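Chains A, B, C and D are the protein sequences, given in the same order.
The numbers in our numbering rise by one with no breaks, and the one at position 107 of the first sequence is 107.
Count along the second sequence starting at 1, add 225, and that's the number in our numbering.
Count along the third sequence starting at 1, add 450, and that's the number in our numbering.
Count along the fourth sequence starting at 1, add 675, and that's the number in our numbering.
Glycine residues also receive a C-beta, built at the ideal position from the N, C-alpha and C atoms.
What you are looking at is a predicted structure, and each value in this text was computed from that prediction instead of being measured.
As structure tokens, the structure follows; a few thoughts come after it.
Protein chains: 4
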Amino acid sequence: MSAGRGAPVSARAAGGGQPAAARLTAERRAQITKAAGELFARRGYHAATMRDIALRVGVSPGLIYNYVEDKEELLLLVLDSLLDAYASSIPAALAGLRDPLARFAAAVDTYCRIVAERPEATLLAYQESRSLRRSLREHIKRREVETNALIADCISDGIAQGLFRPVDAELTAYRVVMMAHGWALKTWRLAGRMTIDDYIADSLEMLLGALLTPLGAQRRAEAAR
Amino acid sequence: MSAGRGAPVSARAAGGGQPAAARLTAERRAQITKAAGELFARRGYHAATMRDIALRVGVSPGLIYNYVEDKEELLLLVLDSLLDAYASSIPAALAGLRDPLARFAAAVDTYCRIVAERPEATLLAYQESRSLRRSLREHIKRREVETNALIADCISDGIAQGLFRPVDAELTAYRVVMMAHGWALKTWRLAGRMTIDDYIADSLEMLLGALLTPLGAQRRAEAAR
Amino acid sequence: MSAGRGAPVSARAAGGGQPAAARLTAERRAQITKAAGELFARRGYHAATMRDIALRVGVSPGLIYNYVEDKEELLLLVLDSLLDAYASSIPAALAGLRDPLARFAAAVDTYCRIVAERPEATLLAYQESRSLRRSLREHIKRREVETNALIADCISDGIAQGLFRPVDAELTAYRVVMMAHGWALKTWRLAGRMTIDDYIADSLEMLLGALLTPLGAQRRAEAAR
Amino acid sequence: MSAGRGAPVSARAAGGGQPAAARLTAERRAQITKAAGELFARRGYHAATMRDIALRVGVSPGLIYNYVEDKEELLLLVLDSLLDAYASSIPAALAGLRDPLARFAAAVDTYCRIVAERPEATLLAYQESRSLRRSLREHIKRREVETNALIADCISDGIAQGLFRPVDAELTAYRVVMMAHGWALKTWRLAGRMTIDDYIADSLEMLLGALLTPLGAQRRAEAAR
DNA sequence: AATGAATGAGCTTTCATTCAT
DNA sequence: GATGAATGAAAGCTCATTCAT
């Protein structure tokens, strides 16, 4: 799950086909990505130096370039790891659920909690994806769309079953995502005055208020009983 | 309105008390701020060099330091100019309005349109306010709170008149702001698929859906006729 | 007495032959030199900026260049002013004295006290005379030699009258000067542990110990009675 | 002996504990210090640029910052290397000597010769120690005091054995140091007219003239036979 | 695979100096 | 004489990146 499908990431040290070596390589890359993520989050992309990152991993600066082409690519890896979280956690949360309402609620909840776990990573995406060269930026964009689709599908299901009004599912998914990202933007202001649970509950309420058909509302009331 | 109340901005070249000279100074500073804002928006704070900014103003790099202490202070000036827009436009938009519903709608509308006019500036605020030294950051924070209060007051009025549910006005103002900023975050994805007018209409719908009391809803329906 | 004989100092603003204007010019130049001297002393030649100096004089930076070609020339003026002090005070101190011993003592005493009054100026001479372009450096050198001659002459007199041993007068004058400058060098270490009076007394003792003939010593003893 | 005891000098590139690497690091630092010393001496601290220094070492400007925090620290290293010379040469010169007179003479002689070897370095200490930030300045001051103590101890011994008059040993050590430094100050004037040997002999004569008790003088006369 | 010394382009910032007013 | 906004060269310093070992 490391870098999504078709990640345009260099594999300098990928070596041959030895699965053992490949695993080690993947681990190293993960180590590096984690360290970079933490430092980017704490200090910002530009302020975090490759030297710092190497130090934190406990290797030499040169080594990083065996696993990564660029500092930019390191940023990509970090952003990608956040997208990985969505791509794996949301489907897992939806796994057992059939009801579109429940599925939608679960998707929103999961998405928000991932944002809340690493709010700086979400910020980073906005802050620095501009720094990426086009190819990498495209990659991120593509994966964002994939993630959005996870939510959009829930909405489409709801519409198909007459629970949601016939909105543009994709656009509405964007609104969900923006709401979730809102927490990352304002977390340092809101923290202490509101919990993530409150935030999710309120957001869901708003979204459903705008989304539910009378039938949907009725179902929801029944489910709440 | 140049830099808010008590902006901690150096005035090296402010020189004497001659109002003529002072105006020239202010104009130069505005020029520089504008150029910096554009470049920061386009290339990001770190990638935009002082040389570039000077070039764009049509002066030498050294001159900028007659009007600004630092590159950081230039960032402050840029961020401040955005806050100036809120601080002047929102009160202007509210000027003739008495009805809390109309006032709230006007505030949201105005806020969103300012964001939409310079979405990159909003992004910049999130991107780089971390780069500011503490004193400047505090200044920005203070002004943000002031801006928020403009919205929170509308909400409090609505509550007082029984049109809005008795929510925490300040917290709800944050939700409004987040919604508005959402446009900046996703403008490059949404643009073309949704106009700012749609976005505002939808957002308002959601917010009011969550906010209105039955009385409020009735009033709104009447007003819409 | 301002700049010694034949000072190679620009006279841009010297204007015509109006003595009134010339006096004003000289006063301005003196003001500037004084301010520069103080700032050079306090902050060092390089760290003191023309802007600071202008500020201290209460004029604009540009004006200084009406009275001085260069920052270097300003340094020259400052160093020259110290040499002026020697050139005027030592002859004054020797004025009424006939006895070579008394004259020598008076010369040493005066020299040391001038050093002690502005120790940083003495340091400045060593610190920065290297910074001067050749022509200005030569000027300073020449004036130093003149000052040395004031002391050397006392020594020659003493030798002629059989009170001092037949040393090389010029070289011995250098030793006197070095001793005096020692106070400037170490003033910040010595200050508090030794007064300038003690220092002068000790120094004189040493110098005379090395210099006096038996006849000289006898004269000195008599004089002390 | 590289940087005295507890020198507060950064060791960025010091890296691991491998003695081989450490030695290389020390060598590089020594190279850089040497080049800096020469350029500071020739052109002055401010006029010598980091680029010049790098060029002279034959490395890139950036590399210097692997071995030194700052240009200031480079100055410290240069000044420290002079103090190293005192700290190692004077004890070596005193090694076999028991007689306080001989020890004092040897200390003075050694001190003066070190000054004479690198007169510009001595000047540099006066010129630019003001440029050092406080912590580094303190370091230099401390080491100067240590060096002074080497001489003061000789004087104390002489006093204890009744050969020197009961002067303040520390203060007298200062006089010795000032005399030695005098050579640095005036070397460019004196050179050619006086050798360092003459200078030392004369200085010693003066100092002993002021210092010896009758007993001391007698001993000296005996030793001279 | 791993090191880390070395590179060098390029940044922000300073400040002596000029010149239109 | 006086101003001070403007210049622009040049400085110190950083850091992503390379490569011999």
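7 Å Cβ cut-off: residues of chain B touching residue i
i       : result
A:LEU74 : Residues of chain B passing the Cβ test: none, with the nearest at roughly 16 Å.
Where residue i meets chain C, residues with beta-carbon distance less than 8 Å
i        : result
D:LEU880 : The sequence given here has Glu at residue 880 of chain D, not Leu. The answer, in chain order, is ALA660.
Within 8 Å, strictly: CB atoms of residue i and residue j
i        : j        : result
B:LEU436 : B:VAL402 : no
C:LEU676 : C:TYR495 : This structure leaves residue 676 of chain C out entirely; chain C is present only between 451 and 675.
A:GLY216 : A:LEU101 : yes
C:HIS631 : D:LEU860 : yes
A:SER89  : A:GLY37  : no
D:LEU807 : D:LEU752 : no
A:ILE159 : A:TYR111 : no
D:LEU772 : D:ALA762 : no
C:GLN577 : D:GLN706 : no
B:GLY387 : B:THR438 : yes
B:ALA266 : B:GLU345 : yes
B:ILE425 : B:VAL333 : yes
A:ARG51  : A:LEU39  : no
Residue nearest to residue i in terms of C-alpha spacing, selected from the options
i        : options                                   : result
D:LEU701 : D:THR785, D:TYR742, D:ALA848 and D:PRO766 : The sequence given here has Ala at residue 701 of chain D, not Leu. Of the candidates D:THR785, D:TYR742, D:ALA848 and D:PRO766, the one whose C-alpha sits nearest the C-alpha of D:ALA701 is D:TYR742.
D:ILE739 : D:ALA760, D:VAL783, D:ALA710 and D:ASP759 : D:ALA710
C:GLN668 : C:PHE614, C:THR622, C:LEU657 and C:THR645 : C:PHE614
B:ARG338 : B:THR420, B:ARG254 and B:VAL282           : B:THR420
D:LEU824 : D:GLU845, D:ALA898 and D:GLU813           : Before going further, note that residue 824 of chain D is Ala rather than Leu in the sequence given. Closest option to D:ALA824, Cα to Cα, is D:GLU845.
C:TYR533 : C:ARG506, C:ARG568, C:PRO511 and C:MET500 : Reading off the sequence shown, one finds Leu at residue 533 of chain C, where the question assumed Tyr. Measuring from the Cα of C:LEU533, the nearest candidate turns out to be C:ARG568.
C:GLU523 : C:GLY508, C:ASP652, C:THR483 and C:TRP633 : C:THR483
D:ASP873 : C:ALA542, C:ARG625, C:ALA472 and C:PRO541 : C:ARG625
A:GLU226 : A:TRP183, A:ARG220 and A:LEU79            : There is simply no residue 226 of chain A to check, as chain A begins at 1 and stops at 225 in what is shown.
B:ARG355 : A:GLU222, A:VAL59, A:ALA221 and A:ARG43   : A:ARG43
B:VAL397 : B:LEU432, B:LEU319, B:THR372 and B:TRP408 : Here residue 397 of chain B is Thr; the residue named in the question, Val, does not match the sequence. Selected option, being the one with the closest Cα: B:LEU432.
B:ARG445 : B:LEU249, B:PHE329, B:VAL284 and B:LEU319 : B:PHE329
beta-carbon residue i near the ligand NAD non-hydrogen atom, thresh 7 Å
i        : result
A:ILE159 : Among the components of this structure there are no ligands whatsoever, and the ligand NAD is therefore not found.
Interfacial residues, the region 629 to 655 of chain C to chain D, with Cβ spacing under 7 Å: Here the close residues are HIS631, GLY632, LEU635, LYS636, ARG639, LEU640, ARG643, MET644 and GLU655.
Which residues of the region 778 to 806 of chain D have a Cβ closer than 9 Å to any Cβ of chain C? Give them in chain order. Flagged, chain order: LEU798, TYR801, GLN802, GLU803, ARG805 and SER806.
Counting only Cβ-Cβ distances shorter than 7 Å, please list the residues of the region 261 to 277 of chain B near chain A, keeping chain order. So the close ones are GLY269 and HIS271.
Evaluate the contact criterion for the region 583 to 602 of chain C versus the region 635 to 651 of chain C: three or more CB pairs, one atom per stretch, below 8 Å. Contact between the region 583 to 602 of chain C and the region 635 to 651 of chain C is absent, because fewer than three Cβ pairs lie under 8 Å.
Taking a Cβ distance cut-off of 7 Å, strictly less, list which residues of the region 598 to 632 of chain C are near chain D, in chain order. Flagged, chain order: LEU621, TYR624, MET628, HIS631 and GLY632.
I want to know whether the region 734 to 749 of chain D touches the region 825 to 836 of chain D - three or more CB-CB distances under 8 Å. Verdict: no, contact absent.
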